[in-house]
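Structure, as structure tokens:
Chains as they are written, first to last, in our numbering: chain C, 1 to 677; chain S, 678 to 1213.
Structure follows, in structure tokens:
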């Protein structure tokens, strides 16, 4: 009962559910290829075109430097400067000086010249790299209206460095105001390029500045000043960093809460949040990511590194799809949810810790935006191929692969996935073209498709495992694009294979457990577990895979194929988590840091793979390892403590084994069950 | 008076056309009026007191409403569900005592009625009131009882109307200086009961500053103080239970109020600012330096254009030429955008010399904020506009235009945000509710204080094509109030709560605060004789 009540309360509080059942039949806009025109006319003329973007109606134009000095003079920053001066017994001038330096390090210097330079060079590069860059033009029109009406925040998905270059390029092409972009400070390490980016509108934030009050104040005020004045659309990545796995990362809240604050304080009438989904048929950094996940360190951003990357220019990276979602009005989202009192009783320039209400709201909005991104991510045929292939290693008959791919296409569409099947290509051609584009991952040998793990045939066992893991992880990057669409029905399917019985309450309780365990792995809107469960059941019923009676949920004869396919799809996660949990419960007796944990668990899994006692290559992924650890922290089985030099972890052995037992369904249902199931 | 540009303005602003006209009913249909139900025993007792009374339908309907838009609309098109059963006209404090005693004896409901200018639904009779409703009209208690020149106070019966009070005091060379926009009709007792504010509060203060002593008749008896002193420390000031009680506790019968010698000299003035932001900044500075003239108001661009449209036909070609020249100077030479600029209107009062000095000080500040002196005429017209606007609403109703004003008070740092957001909210809500033409949504900063300002909004729209305009109007007004509260504004600066804004009281003064007020009501009026259901 308690669950039902809590779930019902959650619904009431959070308003309408996130994923509606109409989603599957949702109409989406048509795409246009913007490179087509670039291939037909002069890039130089394009770069020099008359650029008069539409701007915010209330904008009083000003230069980047004027913004900086407005920030320095602002009550907000001055307040913090005075506070710090008092606490540290220093003169405010010194701290003011420090603030100026921070601003200079941070601030962008958008210049039309730099923009034109980028317009020209990016035209050349993009045409070289990509076949097509497809954009939903209606989305661009909606964005154009939004920009004039209220301050706009662009929230693109983050899979590649190409993301923000492409987005600015796009806005330039459509004569829209160029965004200012929150970029990681590491870009500044790149000589020339960093400065160029700065002139194209990038501003730079340090990776972590939680403890530095001055930095926080200056940064927040800088962003808010630009937002309030409608100076330019503000762009940042909710995911915080590029997803190395192509799975959407759980959102970061800091910047989002900064851009929402002017509305909370009613300094602006409204703010538009625009989710943007950028999907790559082939991700530029795919092999870099795979190496990185396996612990071969990421090269530091450097200009020479960039130059070395030039050779990728000769490669083909297929099509990019950019779907600019419907601008979401923050005012509409907030209506009825935010109590106004806290902001009315304190001067607005004082730094104020957001109330719990607000924090929860920010988190909900972040998840909502990510779900909207996911909804409009384009899935290419190759994504389906990769998914099928990973379940049929080491080799799969070509004809069977085609057949299965076609079947999966149907299933994906039933689940609301957004598939772009180029020019109504026949299935064989579509699969073939995918294989050609991704020849570095898989290839066709004697009518069979195999993973391209070159160098794995000979060499030491360790080398073979590493090579194979590399290929699997790269392939998984594409399968992963399907996961967020499938996660709700698939977790029900996994549950049906795990749960001790088909009794609804047991199935739900098991689903709930998996949802908690995977809460960092996949994107779930917080607090609506029951809704997710119902959604999953609904979709499975829709494709005739399960049936429900008064008390039970069970797979149909016809649907057992679907159910086992879906659970196989998520098996790497179920097995991988079990491996990692086993490692933690057995090996980690003492406090450890993340730096100790990752190599440790990697070695552990590596040995098992060498011995052949597991086939779960994905457990080598540092992304999964971190997620699994943080899941345990959230489940209370691992204690996370802040130490002067980072975090340390302590395993509660008993709790972890209990969770492991849950995976084996050896623990009977404990949770009270929703009455309305 | 001919207003040459007014028609054009109306058509441009509302999309209204003078061809589309609605007509109001010429007279009251007596058959629609709810019957008067009065117990015969009470009538006998009442007759014995010799207090005049009436059960006439027209008298009763007249006292069943204030001046809210929906009330006016009902008057034009329908009938109130509940109106007073009887109207009584006491002529003095003792009469009121008798009436309240009778009401207690017979368990009747009394609703005090002063000038009838309420804009908070305060005068509406609760529909579910089963007892006889007695409308206690104070209009016959309108004498100045005495004037004390040594202490500069006057004791006045509460039914006196603002205009008469000033006229009669003027005969002795005095004034109160309290000039709410409604002063032609509103009464002294009404001011006290609603915590009224006057245009010239910068010199004379608001009603709470003006009042020295109040006598009120309640079901528990008479409440008053034992002396007439400028200030006392005797626990919470009981005047503050009375001021703003909105007729829920008793009837204010006599008030001792401060008076001042009539000022020697009065001068209007006006300043044009390039935009509203600069104007507000100037007013803030004036407030900071505590040199606000008797009145200083800042109207936004839309209201400036409205005022402009009301400009009478000019007397000669020369004045019209002069107007053109001024306009040229301001818009072309000074670069003010006529669609952005805004105007402050000023009223100075006092010794001639001091006024001129004061005037210079204020204009000097204005100059610092880009303001240009724009003449006395514009200032005077600005103040006229306030009085005219209530009449214009009736005119608008004939042409499918409905409108209303509402007010709030807000800290200085939030004035701009509040003005912008509330206006925008109104425009948005109109669009969402299917209003075909963009509404008039305008504001003015109408009073300045040390810590903030009072802001007044006007809002009107053309309701052609909307089946239930009053409902739409009320939804929009409610949304606007929500917006005000979300922007850190108050529920009301001086209009009061009545029944119109009751739903926000708890949020405004907290549970405990509401409980404090309730406990006063319970002690003073346990049987809810003063049952107009305002405020709580």
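Note that beta-carbon positions come from the ideal geometry of N, C-alpha and C, so glycine has one too.
If I'm right that residue i touches residue j with Cβ under 8 Å, what's the distance once you round it to whole angstroms?
i	j	result
residue 930/S	residue 902/S	Their Cβ separation, rounded to whole angstroms, is 14 Å, which puts residue 930/S and residue 902/S out of contact at 8 Å.
residue 386/C	residue 478/C	4 Å
residue 853/S	residue 881/S	7 Å
residue 774/S	residue 934/S	Going by Cβ atoms, the distance from residue 774/S to residue 934/S rounds to 21 Å, so no, they are not a contact pair.
residue 707/S	residue 734/S	5 Å
Short of 8 Å in beta carbon distance, which residues of its chain neighbour residue i, apart from the five on each side in sequence? Order them along the chain.
i	result
residue 196/C	114, 117 and 118
residue 1065/S	987
Under 8 Å between the Cβ atoms of residue i and residue j?
i	j	result
residue 646/C	residue 562/C	no
residue 76/C	residue 438/C	no
residue 575/C	residue 616/C	yes
residue 1169/S	residue 1178/S	yes
residue 786/S	residue 764/S	no
residue 389/C	residue 412/C	no
residue 663/C	residue 573/C	no
residue 1021/S	residue 975/S	yes
residue 377/C	residue 279/C	yes
residue 1086/S	residue 1051/S	no
residue 779/S	residue 738/S	no
residue 1039/S	residue 963/S	yes
residue 204/C	residue 183/C	yes
residue 69/C	residue 229/C	no
residue 694/S	residue 685/S	no
residue 157/C	residue 284/C	no
residue 946/S	residue 1023/S	yes
residue 865/S	residue 948/S	no
residue 587/C	residue 600/C	yes
residue 814/S	residue 790/S	yes
Give me the DSSP bridge partner(s) of residue i.
i	result
residue 944/S	1025/S
residue 812/S	764/S and 788/S
residue 1187/S	BP columns for residue 1187/S are empty, so no partner.
residue 557/C	Per DSSP, none; premise fails for residue 557/C.
residue 1134/S	1083/S and 1120/S
residue 1139/S	1078/S
Suppose the cutoff is 6 Å on Cβ atoms and the five residues either side in sequence are ignored; what does the same chain contact list for residue i look like?
i	result
residue 566/C	490 and 493
residue 23/C	Here residue 23/C scores only 45 on pLDDT, less than 50, and its place in the model should not be relied on; the value that follows carries that caveat. Excluding sequence neighbours, residue 23/C sits near 416.
residue 355/C	342
residue 1063/S	858
residue 921/S	872
residue 320/C	130, 133 and 280
residue 692/S	1114 and 1139
In three-state terms, what does DSSP make of residue i?
i	result
residue 421/C	coil
residue 716/S	coil
residue 130/C	coil
residue 1256/S	Absent from the model: residue 1256/S. The displayed extent of chain S is 678 to 1213, so no value can be given.
residue 832/S	strand
residue 46/C	helix
residue 579/C	helix
residue 693/S	coil
residue 1051/S	coil
Apart from the five residues just before and just after residue i, which ones in its own chain have a Cβ nearer than 7 Å to its Cβ?
i	result
residue 1008/S	1015
residue 709/S	756
residue 486/C	415, 566 and 569
residue 1116/S	1103, 1104, 1107, 1136, 1137 and 1138
residue 122/C	165 and 169
residue 752/S	742
At a cut-off of 7 Å, would you count residue i as near the ligand MG, judging by its Cβ distance to the nearest heavy atom?
i	result
residue 919/S	No copy of the ligand MG appears in this structure; indeed no ligand is present at all.
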